[in-house]
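**Student:** Take the sequence shown: its position 698, counting from 1, is numbered 697 in numbering that gives the first Met the number 0, and each next residue is one higher.
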Amino acid sequence: MRAPIPSGAQAAAGTDAQIILWNESTGDEWEFWQLASTTSASTPYTATNGYHYNTKWSAVPASPGPRGAGIPYLAGLVRPWEIAQGHIDHALALTYQNTATTYTFPATKTDGPCTLSTCMPEGSRLQLDPTVDVTTLGLSASGAIIAKALQKYGMIVVDTGGHPKLYFEYEGTAHWNGAITDSTVSGIPLDRFRVLDPAHPLGSSGGTAPVVSLSPTSLTFPNQTVGTTSASKVSTLTNSGGTTLTISSVTVSGDFVLAGLGNCGTSLAAGSSCTISVSFTPATTGIRMGMVTVDDSATGSPQTISLTGTGVASAVASALNYYVSTTGSDSSGDGSVANPWATIAHAASVVVPGSTVHVAPGTYTGSFNTDASGTASAYITYISDTKWGAKIAPSGSSTWSNHGNYVAIENFDVSGPPSSCCNAIYTAGNATKIIGNNVHDTQTSNGCQAVGGAGIAVDAPNAYVAGNYVHDNGPFPTPCDYIHGIYIGDSSRSSSGGAAYNNISFDNSGWGIQLWHSATNEILVNNTLFGNLSGGIVVGNDVGADDNTIVNNNLAFNNTRGIWEEGTTGTHNVYQNNLVFQNSSGDWSLQNGNTATATVSADPLFVNWTGDSTGDYHLQPSSPAIGAGTSNGAPTTDYDGNARPQAGRWDIGSYEYVGAPSTASAAVKLSPSALTFADQDVGATSAVQTVTLSNATSAALSITSIAIAGPGGGDFTQTNNCGSSLAAGGACKITVSFTPTASGTRTATLTVTDSAQGSPHTLPLTGTGADFSISLGSGSSTSATVAPGQTATYTLSLKGTPGFTGTVKLACDGAPQAATCTVTPGSVTANGTTPVSVTVSVATTARSMLPPSMPAPPAANGPVPGSWLFWLLLFSMVASVAARARRRASLGLAVALLSVAFWSSCGGSGNVPLASSGTPAGVYTLTVSAASGKLTHAASLSLKVN
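(1) Give me the Cα-Cα distance between residue 915 and residue 816, rounded to the nearest whole angstrom.
(2) For the stretch 135-153 against the stretch 104-117, do three or more pairs of beta-carbon atoms, one drawn from each stretch, fall closer than 8 Å, so that the two count as touching?
(3) Short of 6 Å in beta carbon distance, which residues of its chain neighbour residue 92, apart from the five on each side in sequence? Order them along the chain.
(4) Do you know how far the Cα of residue 236 is from the Cα of residue 48?
(5) With 8 Å as the threshold, decide whether the Cβ of residue 512 is near any Cβ in chain D.
(6) Say yes only if the C-beta of residue 463 is nearer than 7 Å to one or more non-hydrogen atoms of the ligand HEM, and no if none qualify.
(7) Since residue 311 contacts residue 338 with CB under 8 Å, what's their CB separation in whole angstroms?
(8) Is it right to say residue 860 is buried, meaning 16 or more other beta carbons lie within 10 angstroms of its own, or is it exposed?
(9) Where does residue 191 sit, in a helix, a strand or coil, going by DSSP?
(10) What first and last residue would you give for the alpha helix (DSSP H) that runs through residue 79?
(11) Our contact map puts residue 249 next to residue 260 with C-beta atoms below 8 Å; I'd like the distance itself, whole angstroms only.
(12) Put residue 835 into one of helix, strand or coil per three-state DSSP.
(13) The beta strand (DSSP E) that contains residue 571, what's its start and end?
(14) How many Å lie between residue 304 and residue 213 at the Cα?
(15) To which residues of the same chain is residue 842 closer than 7 Å at the C-beta, ignoring the five residues directly before and after it?
(16) What does the Cβ neighbour count give for residue 317, buried or exposed, with the cut at 16 atoms within 10 Å?
(17) For the beta strand (DSSP E) that contains residue 528, what are its first and last residues?
(18) Quick check on residue 380: does DSSP put it in helix, strand or coil?
(19) With residue 319 and residue 365 assumed to form a contact (beta carbons below 8 Å), what rounded beta-carbon distance in angstroms separates them?
(20) Report the residue from 717, 795, 725 and 805 whose alpha carbon sits nearest the alpha carbon of residue 764.
(21) Kindly confirm or deny that the stretch 374-390 and the stretch 405-424 touch, where touching means at least three C-beta pairs closer than 8 Å.
(22) Is it the case that the Cβ atoms of residue 508 and residue 485 are separated by a distance below 8 Å?
(23) Rounded to whole angstroms, how far is the Cβ of residue 98 from the Cβ of residue 119, which I believe are closer than 8 Å?
(24) Please confirm whether residue 588 and residue 559 have their CB atoms less than 8 Å apart.
(25) How would you label residue 925, buried or exposed, when you count the other beta carbons within 10 angstroms and need 16 or more for buried?
(26) Throw me the rounded Cβ distance for the residue 567 and residue 543 pair, which I believe falls under 8 Å.
(27) Report the three-state DSSP secondary structure of residue 345 (helix, strand or coil).
(28) Straight-line CA distance for residue 531 to residue 557?
(29) Excluding the 5 residues preceding and the 5 following residue 800 in the sequence, name in chain order all residues of the same chain whose CB lies nearer than 8 Å to its CB.
(30) Tell me where the alpha helix (DSSP H) around residue 150 begins and ends.
(31) So what does DSSP say about residue 171, is it helix, strand or coil?
(32) Give me the Cα-Cα distance between residue 300 and residue 398, rounded to the nearest whole angstrom.
(33) Could you tell me the distance, in whole angstroms, from the CA atom of residue 234 to the CA atom of residue 222?
(34) Please go through the same chain and pick out, in chain order, the residues whose beta-carbon is closer than 7 Å to the beta-carbon of residue 130, but skip the five residues on each side of it.
(35) At which residues does the beta strand (DSSP E) containing residue 119 begin and terminate?
(36) Just the Cα atoms here: how many angstroms apart are residue 935 and residue 394?
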C-alpha cells in the first residue's frame, strides 16, 4: 500500500507508532500502526498494519481500521478546536484493558485476550451516567468538556491496552501546550459508566426504546409588557416507551424562563409524563422567540418546544397607573393601556398606595370586594375615565364592598342588587371618598327588609360623599324606612365625621340621606333631595348622641318629610340656610331645643321639575335659592364643578347658579378651541403647536395652574409664559408637543385653572401614535433545523399601524461559526395597510469530515458503510441508559496523543494547518432587528444545526 506522507509528519510516540493521514478535500484517509522510517528512497516508511478508505465512500471494507476492533480512530479523536469551542459533538475512542475474545458492532474484529464472560467485547459503547454532576469532579475546564461529551455521546472500545485511554489529535509537534494531560481526565470515575447493549440498546432484556413526545411542541404567549413576567404555559413530556428515559438537561433560550419542571428530573419512568413550565419576560418590544431543548436518551434527541411571545412597551403613565377593560385579562394582562386587566377586584389585589385604576366604559360584573388600603397622602383611586361609562352590575349581594382605608370611588354607574341584600356601594374603610357616581335600583324587588340597605352605605368614619346622583333605591313607590339613598353611620370620632356635599338624592323608598347608629360630627351641605318617601334628611343616633352635625344649604322639596331629628341627638347641631318646602308630612322636626335659622320656605323653581331622572334641577334665574346660602361648611364647587360662590353669593342646593356668561368669563378663553397633532412615531416628538390664553377684561386674571391630564396625559407636554397672573387685556402663549408612548389615538386635556367665571378652561388634545411591528410570516416557523452546508430560511412580516409610513432597515445577528445570516431585502417601506414580507436566510458551512446524510445501519454481513461509522461515532446520541453491566475500575482514564497529518491535496509536503471545521452542531438564537428612526423592534428565531 502506498500513501502520500507529508514531509515532517510524525507517528505517535511509543511502540504503537500510529499515524493518521487525511486529505480533507478528497476524503482519502490512511491509518498505519507501527510506522517506521527507512533509508530506502523508494520506500521511505514501513508499517506493521495499515488501511486506506475514503470518508466520502458509501461503503468500505469490513475492517477499515488497522488496530484492535477494526474501527477507524479518526472520528473518535478529541481535537483542539473542539475544546476551544467548549463542546465535543461525537463519541470518543477508548482503549480498554483485557478486552474479550468476542466483539460487538461496530467492531469487525478483536485482539482481546480475555475468554471470561465478564470481559468487555471490543466495539462496546460506554456512557458516563448523565446524573453525575460534572462540576463536583474537580476537573479542569477541558476535562469538564470531555466529561459532558461522555455523558451525551459516550465512548467506544476500539482496542485492548494496558489501561483505559482516550485519544487526542496532535499535528506535528503541537502537544496541546499542556492543556491536555493524564490528569485532565483521570478524575472521571470509571465506576459511573454503563455499558450499552447494541443488540438491545435498552438492556439485555430487549425492551422497547423510549418513545418521547412533547405536547404541545410550541407555546405562544400573549402581549407582555417589557420587563414583566407572564403567567406560565405548560408542555407535557411523555415517555410512552418500555424503559426509563434519562434526561440530561432541559434548557431554554431567548426571553423565556423555565418556571418549573414538575417531576421532569434526571429520569422519567416508562409510561410516565411530566410537565415543563415556561414563562415569558421580554427584554424589548416586538416578536420574541426562543426554544426549550430537552437532551435525553431517546432517539431523535434533543426534543424541542418552540416559544413565541410579543413584548410591548408599557403604556402606563407611571408605575402607579393601572387600567381595566372588558376586553382585558386578569391572567395575562399587566394592567397597562395595551394589556389591561378584566376586573376591578383583580386590580385591587395588585395596587399599592398612590395607585389609580382607570376603568374603561363597559359593563362589569359586581358583587366584589376592594380590600387594599392607601394612605392619607396617597389614596388608591378607582375611576371610570368616562363618567358613568363603566357600569357595575350586581351578581348577588352588595355590588361593590370596599374595606380599604383611604380609597376613592369616582364616576361609576352602580346598580344595587334588585332582590337581595344590601347596598350598591358599601364602605367600611376609613376616609373613603365616593364621588360623582350614578347609584340606583338597590333592592327594588326585595320587599322592605329590616336588614336594610342603601344606594351608598358608609359604616366608617371620615367619609366624603360628594356629587353623587342617587335614586330609585328600595321598592319605590312603596315606602320603606330601611332602604335609603345615602346612609352614613358609625362615624364616632369627635370632630372628624363624614361629609356629604352636592349630592342629588331622589325617589328613594327611605330617606334621601340618613344619619344613624353611631353617626356624629357630620357635615351635610348643599345637597338636593326630593321625592324620598321617608323624607329628605334625618339626623339621629341609636348608640350615643348625634351631635355637632352641620346641616346647611340643603334643598329638601316634595319629600314625605323635610329635615328631621330622630333617636338620640345632641344640643350642638346646626341647621342654617336650608330651603325646605312642600314636604307632605312636615318640613322640620328638631329635638333638644335645636332650631333652624335662615330657612327658605318657597318653591325652588327648578329649570324643569319632573320629580324623576328626566328633570333638570338647575336653578332658574328667579329661584329663591340663589344667594340664600351660607359659607359655613360650603364646598368650593358645585355638582357641575362650577366655582362656589358665584358673584360673591352662596346658593342653596347642589347647583350654583351660573346664568349667562359674564363679560369676564366670555373674554377669558383659549384659542384655538382644540389641538390635533399629525401622526407621530412612538417615542418621537412632534413640532410644537401654540395655544393663546387671552384676558380681554379690565381686571388681572389670577392663574392657579396650567396642566395636561387624561388617559394620554403623559403623551403631551406643555410650556408657557403665562406666569401666575395675566394682565387685563393681555395674552400669553402655551406651547404643546406630542410624544406618543403607544400606538393609536392618544387624547388628553389642557386645563387652565384661573380666577375667571367658568374656570377651569379646557382644550382637548388629540394625536395618533404610529409604529410598526415585525412578526412571523404566514406559513413560516420560528425555528428551522438544517444539516451543515444547508441554508435555513424564515419569512417575517412587517406592517405599520394606521398612520405609519417609513423605511425600515433590517439586520440579522447571532449566526453561528462559519455561517452567515442575511435579510432580503435589507430595507423596506412599511405602511399601515399592506404587510411587507422579508426573507431571513442562514447559510451554514459543511463540516468536511462528515458525509451529507446519515445512511441506514449496516447489514449483519458484508461491507460496513463508512459513512455509517462516522455518523455513529460523531453524531449518534446515546439512545439508552440501561446498563448491561457496570464495571468498577481502579485505574483512571489516561490520555493518548495520536498523530494526525492533514493536507489539502495529494502529493503535498510539510504540515498543513487544520482546515475549517464548518458550522458546529447546536441550537442558536438569531436576532432580526428592524429600525425606523427612533423605532426599533426585534424578532428572535431559532436555528438548529445537526
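A virtual CB, placed ideally from N, CA and C, is assigned to each residue, including glycine.
**Tutor:** According to the structure shown:
(1) Locating residue 915 in the sequence shown gives position 916, where the first residue counts as 1. Locating residue 816 in the sequence shown gives position 817, where the first residue counts as 1. Caution applies to residue 915, whose pLDDT of 37 falls short of 50 and renders its modelled position unreliable; the model cannot decide the point.
(2) no
(3) In the sequence shown, the residue the question calls residue 92 occupies position 93. Excluding sequence neighbours, residue 92 sits near 72, 75, 157 and 166.
(4) Translated into the one-based positions of the sequence shown, residue 48 becomes position 49. Translated into the one-based positions of the sequence shown, residue 236 becomes position 237. Using only the alpha carbons, I get a separation of about 50 Å.
(5) Checking the listed chains, one finds no chain D in this structure; it contains a single protein chain.
(6) This structure lacks the ligand HEM, and indeed carries no ligand of any kind.
(7) In the sequence shown, the residue the question calls residue 311 occupies position 312. In the sequence shown, the residue the question calls residue 338 occupies position 339. About 6 Å; that satisfies the 8 Å criterion.
(8) Within the sequence shown, the letter at position 861 stands for residue 860. At residue 860, the pLDDT of 35 sits below 50, so the modelled position is not reliable and the matter cannot be decided from this model.
(9) Taking the sequence shown and counting its residues from 1, the one referred to as residue 191 is at position 192. Helix.
(10) Here residue 79 refers to the residue found at position 80 when the sequence shown is read from its first residue. That run of the alpha helix (DSSP H) goes 79-84.
(11) The residue you call residue 249 lines up with position 250 of the sequence shown. The residue you call residue 260 lines up with position 261 of the sequence shown. The pair is a contact, with the Cβ atoms about 6 Å apart (cut-off 8 Å).
(12) Against the sequence shown, residue 835 aligns to sequence position 836. Reduced to three states, the DSSP call for residue 835 is strand.
(13) As a position in the sequence shown, residue 571 is number 572, starting the count at 1. Looking at the DSSP string, residue 571 is not in any beta strand (DSSP E), and its letter there is neither H nor E.
(14) Taking the sequence shown and counting its residues from 1, the one referred to as residue 304 is at position 305. Taking the sequence shown and counting its residues from 1, the one referred to as residue 213 is at position 214. Each residue's Cα considered, the two are about 8 Å apart.
(15) Locating residue 842 in the sequence shown gives position 843, where the first residue counts as 1. So the list reads 790, 818 and 819, once near-sequence residues are dropped.
(16) Mapped onto the sequence shown, residue 317 falls at position 318. Because residue 317 carries a pLDDT of 44, less than 50, the predicted location of this residue cannot be relied on, and the following value inherits that uncertainty. With fewer than 16 other Cβ atoms inside 10 Å of its own Cβ, residue 317 counts as exposed.
(17) The count along the sequence shown starts at 1 and reaches residue 528 at position 529. Residue range 527-529 is occupied by the beta strand (DSSP E) that includes residue 528.
(18) Locating residue 380 in the sequence shown gives position 381, counting from the first residue. In the structure shown, residue 380 falls within a strand segment according to DSSP collapsed to helix, strand and coil.
(19) Working through the sequence shown from its first residue, we reach residue 319 at position 320. Working through the sequence shown from its first residue, we reach residue 365 at position 366. Incorrect: roughly 25 Å between the Cβ atoms, too far for contact.
(20) If you number the sequence shown from 1, residue 764 lands on position 765. It is 717 whose Cα lies nearest to the Cα of residue 764.
(21) yes
(22) Within the sequence shown, residue 508 is the residue found at index 509, counting from 1. Within the sequence shown, residue 485 is the residue found at index 486, counting from 1. No, they are not a contact pair.
(23) Walking along the sequence shown from the start, residue 98 turns up at place 99. Walking along the sequence shown from the start, residue 119 turns up at place 120. Confirmed, about 6 Å.
(24) Sequence index remark: in the sequence shown, residue 588 carries index 589 (1-based). Sequence index remark: in the sequence shown, residue 559 carries index 560 (1-based). In this structure, residue 559 does not lie closer than 8 Å to residue 588 by Cβ.
(25) Taking the sequence shown and counting its residues from 1, the one referred to as residue 925 is at position 926. With 16 or more Cβ atoms within 10 Å of its Cβ, residue 925 is classed as buried.
(26) In the sequence shown, the residue the question calls residue 567 occupies position 568. In the sequence shown, the residue the question calls residue 543 occupies position 544. With 8 Å as the limit, residue 567 and residue 543 qualify as a contact, their Cβ atoms being about 7 Å apart.
(27) Mapped onto the sequence shown, residue 345 falls at position 346. In this structure, residue 345 counts as helix in the three-state DSSP scheme.
(28) Here residue 531 refers to the residue found at position 532 when the sequence shown is read from its first residue. Here residue 557 refers to the residue found at position 558 when the sequence shown is read from its first residue. Near 8 Å, if we compare the C-alpha coordinates of residue 557 and residue 531.
(29) If you number the sequence shown from 1, residue 800 lands on position 801. Excluding residues within five positions, the ones whose Cβ falls inside 8 Å are 742, 743, 768, 769, 770, 771, 772 and 831.
(30) Residue 150 sits at position 151 when you count from the first residue of the sequence shown. Its alpha helix (DSSP H) spans residues 140-151.
(31) What you label residue 171 is simply residue 172 of the sequence shown in a count that begins at 1. Below a pLDDT of 50, predicted positions are generally treated as unreliable, and residue 171, at 49, falls in that range; the measurement from the model is reported next regardless. Note: residue 171 maps to coil in three-state DSSP.
(32) Locating residue 300 in the sequence shown gives position 301, counting from the first residue. Locating residue 398 in the sequence shown gives position 399, counting from the first residue. When rounded, the distance between both Cα atoms is 56 Å.
(33) What you label residue 234 is simply residue 235 of the sequence shown in a count that begins at 1. What you label residue 222 is simply residue 223 of the sequence shown in a count that begins at 1. CA-CA distance, residue 234 to residue 222, rounds to 20 Å.
(34) Numbered from 1 along the sequence shown, position 131 holds the residue referred to as residue 130. Only 265 meet the Cβ criterion.
(35) As a position in the sequence shown, residue 119 is number 120, starting the count at 1. That residue, residue 119, is in no beta strand (DSSP E); it is neither H nor E in DSSP.
(36) Start at 1 with the first residue of the sequence shown, and residue 935 comes out as number 936. Start at 1 with the first residue of the sequence shown, and residue 394 comes out as number 395. Cα-Cα distance, rounded: 46 Å.
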